[in-house]
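First up is the structure itself, then whatever we jot down about it.
2 protein chains.
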Amino acid sequence: MSSEITETRSRILESTVRILEEHGGKGVRMGDIAKESGISRQAVYLHFASRTDLLVAATRYLDEILDVDKRLAPSRAASSGIERLALYIDCWGNYIPEIYGVGKALMLARDSDEAAAVAWDDRMAAMRDGCRAAIDALHADEMLAPGWTRPKATDALWAMLLVPHWEALTIECGWSTKRYVRWMKTLAEQTFVRQTNS
Amino acid sequence: MSSEITETRSRILESTVRILEEHGGKGVRMGDIAKESGISRQAVYLHFASRTDLLVAATRYLDEILDVDKRLAPSRAASSGIERLALYIDCWGNYIPEIYGVGKALMLARDSDEAAAVAWDDRMAAMRDGCRAAIDALHADEMLAPGWTRPKATDALWAMLLVPHWEALTIECGWSTKRYVRWMKTLAEQTFVRQTNS
DNA sequence: GTGTCAATTGACACGGTGTCAAGTGAGACG
DNA sequence: CGTCTCACTTGACACCGTGTCAATTGACAC
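Chains D and H, in that order, are what the protein sequence lines are.
According to our numbering, the first sequence is numbered sequentially starting from 860.
According to our numbering, the second sequence is numbered sequentially starting from 860.
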C-alpha cells in the first residue's frame, strides 16, 4: 500500500513535503494534505495507512531527492578525524533546515504515536552513527581530547547536534544556518579535539 | 476561577504534579487528573478553565514549593562572573529534573495551544535572563571570551541549557544529572570564559 | 460492452477537550 | 426545623481530527 509507486502517490508526497515545509510541520491535517494534492481526504488513505505512515514515507521521499548518501561522501572520505568531524557537521547542519518541516511533524506525532516515535528515533540513531564515526576517526588519530571516552563523546556530540538545538538558535534566536554551522564546528572542535600547544 | 485558593484546588494541583511526574508529562488526560484527585472530570473545570490553565497553574505551584528564588540567591550573590555562571548552571541543571513532568506536558501542549506556547516561552525567557546576567557578569570582569558579543553568547548559553538538551543526555543517553551539570559547566566555561595562559 | 480500479461521496466510530443543565448533599443561618 | 448556598455529581452533548466503510462514478483496457 505505502510502497507501490503511482502518480497520485507521488503527488501526495510532494504536497505533503511542501505544505509541511510551509507550516513548519505544525497544524497540518490530513484534509489539508488532500486538498493540496487535489484529491479527497479518504483517497489519501488509499495510499498511506495512517498519518504517521505518510510522514515516514515523506521523509524517505525527501532523502531520495536530497541524495543524502552523496552529501555524506566527503565526510566519509575525509583523510583525518578533524576533517571528518567538520565535514559531518557541515553536512548535517545544512541538512536540518531542508528536512525541518517533515521532521518537526514527525517529532510532534512522536508523543501520541508509537510508530512515529520509532521512525524518528531511527533517524536520530542514524545521525548518532555519523557522530560515532567522527569520534572514532578522531580517536584513531589520537586526537580525541583527554577526558573523553568514545561513547561519552558520541553522546555529547549527538546531543548538541539534535534538531531542537538548531531550532533554538535559528528559529528562536534568528541565527543563520551558516552561523549555526560555524558555531557547531567551533564547539565540536574545542570540545573533542585534543588541543596541541604547538 | 484559577486564582482563589481552596482545598480541592490544591489537591488538583498536587495530583497534577504527581501524575505528570510519574508519566514524564506524556499522555495524561483531564480524566486521569480528576481520578487522581478523587473528583469528577467536570469538577476540575470548576477550578481551571482549561487543561493549559491547569498546567500553567501547576508550574507556578511547583515553583512555590521548590522556592526558586531562594535557590537562585547564591548565583545572584556570586562575587565573580565565572562563579555566577557556574552557580547558575548548578541551579538550573538541578531544577530541570524536578519540573520535567509539568514542563514536558506544557511543551507538548505548546504545539496545539497558543496559550501553552506563551506560558512555556515565558519560562524560557526567564531562564534566558539568568543566562544574560551570567554573561554580563563575565563581561563586567572582562572575562568574556574573545569573539563573543554579549547577545550572541547569551543565545548560545541559553540554547545549550534548554530542556531538550538535558532530555537527550539524561533520558536518552542515560547520563546522571550530576554528570550533565558537570558537563554543562565545563562546556560553558571553555566556551565563554576567556582562557588565560598563566 | 463489460470488467477493473482509482477515486468520490457521505456516514460513522473513537477519543479527548470543553460545555451545559439538572440533581445531590452538607454546612450555615434564620 | 426548614431553607439557602455552594461545591460537586451525573449524564448528555458539541467539536475536532483520525481512521473506516459502503455505495457510486468514471475512465481505460480488452
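The beta carbon of each residue, even a glycine, is placed where N, CA and C say it ideally should be.
Listed by position along chain D, the residues whose Cβ is nearer than 7 angstroms to that of P1023 (chain H) are L1021 and P1023. Contact between the stretch 945 to 963 of chain D and the stretch 983 to 999 of chain D is present: 3 or more CB-CB pairs across the two stretches fall below 8 angstroms.
In the structure shown, V1052 (chain H) falls within a strand segment according to DSSP collapsed to helix, strand and coil. Across the set D:K1044, D:R877 and D:Y959, the C-alpha of D:Y959 shows the shortest separation from the C-alpha of I1030 (chain D). Those residues of the stretch 942 to 971 of chain D placed with their C-beta closer than 7 angstroms to a C-beta in chain H are L967 and D970, ordered along the chain. Listed in chain order, the positions of the stretch 1030 to 1052 of chain H with a beta carbon within less than 9 angstroms of a beta carbon of chain D are E1031, C1032, G1033, W1034, R1038, W1042, T1045, L1046, Q1049 and T1050. Rounded to the nearest whole angstrom, the CA to CA distance from R1038 (chain H) to R877 (chain H) is 25 angstroms. A Cβ of chain D is located within less than 9 angstroms of the beta carbon of A1027 (chain H).
Residue contact check for D1014 (chain H) against chain D: a CB pair falls below 9 angstroms.
Annotation: E866 (chain D) to L872 (chain D) spans about 10 angstroms, alpha carbon to alpha carbon.
By the neighbour-count criterion, in which a residue is buried when 16 or more other Cβ atoms sit within 10 angstroms of its Cβ, E880 (chain D) is buried. Shown here, L905 (chain D) sits in coil according to DSSP, grouped into three states, outside any helix or strand. Excluding residues up to 5 positions away in sequence, A968, D972, A974 and A975 lie with their Cβ nearer than 6 angstroms to the Cβ of T911 (chain H) in the same chain. If you keep only unbroken beta strand (DSSP E) runs of at least 3 residues inside the stretch 909 to 991 of chain D, you get nothing at all. In this chain, the alpha helix (DSSP H) harbouring W1017 (chain H) covers R1009 to L1020. If you draw a straight line from the Cα of A932 (chain D) to the Cα of Q1049 (chain D), it is about 24 angstroms long.
Taking 9 angstroms as the cut-off, the beta carbon of L1020 (chain D) is found closer than this to the beta carbon of M986 (chain D). Flagged as an interface residue toward chain H: G886 (chain D), by a C-beta distance shorter than 9 angstroms. For D1000 (chain D), there is no enclosing alpha helix (DSSP H), as DSSP gives it neither H nor E. For the pair S869 (chain H) and Y920 (chain H), the CB atoms are nearer than the 9 angstroms cut-off.
Boundaries of the alpha helix (DSSP H) around S874 (chain D): E866 to E881. Boundaries of the alpha helix (DSSP H) harbouring G890 (chain H): M889 to S896, taken from the DSSP string.
With 16 or more other CB atoms across the displayed protein chains lying within 10 angstroms of its CB, G940 (chain H) is buried. Within the same chain, and ignoring the five residues on either side of L1003 (chain D) in sequence, the residues whose Cβ sits closer than 6 angstroms to its Cβ are L997. Of the candidates D:T1008, D:W979, D:A999 and D:S938, D:W979 places its Cα closest to the Cα of V961 (chain D).
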